[in-house]
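Residue numbers (our numbering), protein chains in the order written: chain A, 3 to 480; chain B, 292 to 772.
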């Protein structure tokens, strides 16, 4: 039955801009402080206070706009969104309404191997509200205004997505991008990246959109997918059983995995937007745009392409290594410092190092092995001082100490033996001790070759150069 | 002592004829003697005497400024740290400001002695000071008459010599109209000239702080310390502040004065017309040329003003919700009850009326017809002024249609009250500087002359006012209080 329906999804994503101070005051934005200790007179909306726009927030919005190929408004205006709520100190939120700072842009996402372009309608600057806490106050509510005035960039997409999967792909892409641009820390638990989803369904082939419902404040990728899927099913069931979708705001309950009505269109506020007379319009000059453009980091797509061509990486490695700016920088640093083949560097970073970081739940920027020490390891593998196998041992030492790879190799005596005389005499000893097996090999049992390699390696405590061993064994066994 | 100008007092302090403590005590005594005028909401006697003591030390050490040790007072719209700041409202009757307004900060730094906080219409909404939670201010010239508003306490305090000079604010005439009603001088500078930080907002795009005193010269001295760019106020303008006293004595020869024909009509009160004619004659004698000008859009000023000011105030006053500061109703049943009763019980009638008007004007479906239209009118009015000021140096007009009316007279008819602001309101819409100076008496009550100047050219206005005050003595008329 469901195949005859098509979902239409648009997302509104609130990204908290990683500025030091709030958008309209000098109060700190650091997360997790004691309630109301980061609420200055301006955050509190005291009589007589005035907002002053944080320049860094504007720059970060412009950076974002440029990264999604959007029009940057030469002239944008802050407006007041009026409504009463205890955690909204002034009784209005300063936002942008008719003239947002970022206009139309787009983001390309990949779903099931296919690329799809999702339009961004607009992105506007606004201040966050505080927090209301309803528990543990004995019938009263607690208000924490630390968050009040934190800068947000609300990114509104076109209704271009047709499945929860696409919505999640878009959200992930955006999440990756804002962290890449270093305009948002992307911390979803702390609410730095929040999502509202507009969902409607229509019979496949119909041009007009169905009536939409807005699902508020979904704060994980998993819940976005579940909430949207749940909402699509709810709407289809409703229509198929003869009902009608009403325009309303719904809340997703992650425990029950369902959405429920919060308020209908009729109950919706009239926000009485008007230009904030306390703030001047924001003018973005061509000079500023040029400045920002020059500072714009290489974007994930561009970087991935460059990694594939410049470093001859395959798609998988390039994707992993460009998934964060720090990881990409780490990789490039290792290549530069180790003077060795990029593919070896890539393999060791995406393999050994990534696995260890994952196990320890660490980010690349917190890696106990910095790029210099890691490059030391890769260089010794590349120049055959140690084998790959010994490399793993050295890696363990690197992880648990501050010594360089060279010091570790020296101290632990892990240097590979390439002295052919030494290898030959060990091989002679082993062949003499295993006459029977040598005969089996000569009779055609090729598997026995592996047996001898193993024996030699064991005798050499893993330090023998595998290529040399192979070469000499082949001669002696023939 | 109360008759002296700021300059004379500053000289007296330096010559040790009297100390700032003595001067301050003298004014504190006068304030309590004339408490019936209701000019002050809060008198900060202890702090004032302490500040006076510090001022005396500073004067003795030789690094005093002209305002050091001079007793003045602030309209109760400016936040004063650790001092009750009410804005004339029950809503803020318990509000002790945790910070100083920039204007207060600047005057403190200059060493001025703050005697206390002056009465005003509630949230600066009113033209008679009758909307104050603390009751109407009486006009010192006739205690049955209003002192004007909203800076009624400020004007009355200067007229009754309960402060040497005072701060005021002007959103639609709130400095100029009470100045005219009480026979004192007052200047509303260009919008953006004086910081609004810490000045409790009524209508943000129109509010502007200014000075009031017994002469243009004293207004200049006080304004000098108030004016200037403030990074805390995005709408303050970074234009250098000239020395306002430097050009006070510049001759007026060749000065071009414009008289808007829309203001000087047959409808103008005959006594008022006669008074203004006499003032204009004086200016001719001083060498000025008079020119009739036309500003066709002035007639739309009042409706445009009441839409814009109300819209902005409806939003500005949303923060008074009983949650964080100010009045909170007893035992609220729930959130909605907390909001409706706190606001319902603590806001006065006029404030509620304007919040309702403004909320309506901004509502979906009405915004374009009211708010947007009013903004268009505002632009047209500004254009009228700009064009006129290309032709003339200053524009003259009445300040008020009549002298001060009686307390209670217009309270029942808000429209009539609003119409009394006809001559002052357009100037706020245009953001221009304007002054009111005493120009005569009608029936024993003072009336004023309004001078309107070009953007950031307060110095010219002060010069034009000062020249008149050198050849007339309306401003020195003193009450025998």
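The beta-carbon is built from N, C-alpha and C at its ideal position, and this holds for glycine as well.
Neighbours of residue 389 of chain B across chain A, judged by C-beta separation under 8 angstroms: 43, 48. Excluding five sequence positions before and after residue 193 of chain A, none of the CB atoms of its chain fall closer than 6 angstroms to its own CB. Using a CB distance below 7 angstroms, the part of the segment 77 to 102 of chain A facing chain B consists of 82, 84, 86, 88, 91, 92, 93, 94, ordered along the chain. In this model, residue 744 of chain B and residue 572 of chain B are separated by some 19 angstroms (Cα to Cα). Judged by DSSP in its simplified three-state form, residue 369 of chain B adopts strand. With 16 or more neighbouring CB atoms inside 10 Å of its own CB, residue 94 of chain A falls in the buried class. For residue 265 of chain A, none of the residues of chain B pass the 8 angstroms Cβ criterion, the least Cβ distance being about 15 angstroms. The C-alpha of residue 481 of chain B lies about 44 angstroms from the C-alpha of residue 143 of chain A.
For residue 523 of chain B, the chain A residues whose Cβ falls inside 7 angstroms of its Cβ are 52, 54, in order along the chain. Close CB contacts of residue 494 of chain B within its chain, under the 6 angstroms cut and outside five residues either way in sequence, are with 462, 600, 603, 604 (chain order). Residue state for residue 285 of chain A is assigned as strand, using DSSP reduced to three classes.
When DSSP states are grouped into helix, strand and coil, residue 518 of chain B belongs to the strand group.
The segment 648 to 662 of chain B makes no contact with the segment 623 to 634 of chain B: fewer than 3 CB pairs, one atom from each, lie closer than 8 angstroms. Rounded to whole angstroms, residue 436 of chain B and residue 769 of chain B show a C-alpha spacing of 17 angstroms. If you draw a straight line from the Cα of residue 324 of chain A to the Cα of residue 184 of chain A, it comes to about 14 angstroms. What residue 612 of chain B touches in chain A, judged by beta-carbon distance under 7 angstroms, is 86, 93, going in chain order. Each residue's CA atom was taken as its position, placing residue 478 of chain B and residue 532 of chain B some 15 angstroms apart.
Per DSSP, the continuous beta strand (DSSP E) segment holding residue 154 of chain A begins and ends at 153 to 159. Look at residue 378 of chain B here: in three-state DSSP terms it is coil, with no helix or strand label. For residue 7 of chain A, no alpha helix (DSSP H) encloses it; the enclosing beta strand (DSSP E) starts and ends at 7 to 18. Cβ-Cβ distances below 6 angstroms link residue 362 of chain A to nothing in the same chain once the five nearest sequence neighbours on each side are left out.
Across the structure, residue 75 of chain A and residue 102 of chain A are spaced so that their CA atoms are roughly 7 angstroms apart.
Put simply, of A:463, A:472, A:464, A:441 the residue whose alpha carbon is nearest the alpha carbon of residue 452 of chain A is A:472. Residue 198 of chain A is outside the set of residues whose beta carbon lies under 9 angstroms from a beta carbon in chain B.
Counting only runs of 3 or more residues that sit fully inside the segment 712 to 754 of chain B, the beta strand (DSSP E) segments are 725 to 733, 736 to 743, in chain order.
Contact with chain B is found for residue 145 of chain A, since one of that chain's Cβ atoms lies less than 9 angstroms from the residue's Cβ.
Residue 655 of chain B and residue 499 of chain B have their alpha carbons spaced roughly 29 angstroms apart. Distance from the Cα of residue 64 of chain A is smallest, within the candidate group A:211, A:29, A:296, for A:296. Residue 219 of chain A sits in a strand when the DSSP states are folded into three classes. Within chain A, the residues whose beta carbon sits less than 8 angstroms from that of residue 488 of chain B are 50, 51, 52, listed in sequence order. For residue 279 of chain A, the chain B residues whose C-beta falls within less than 8 angstroms of its own C-beta are 494, 495, 496, 526, 603, listed in chain order.
From the listed residues A:115, A:282, A:119, A:138, the smallest Cα separation to residue 496 of chain B is found for A:282. Within the segment 543 to 570 of chain B, no residue places its CB atom closer than 7 angstroms to a CB of chain A. The beta carbon of residue 330 of chain A lies closer than 8 angstroms to those of 305, 309, 323, 324 in the same chain, with the five residues before and after it left out. Bridge partners of residue 205 of chain A according to DSSP: A:7. Within chain A, the residues placing a beta-carbon under 9 angstroms from that of residue 654 of chain B are 272, 274, ordered along the chain.
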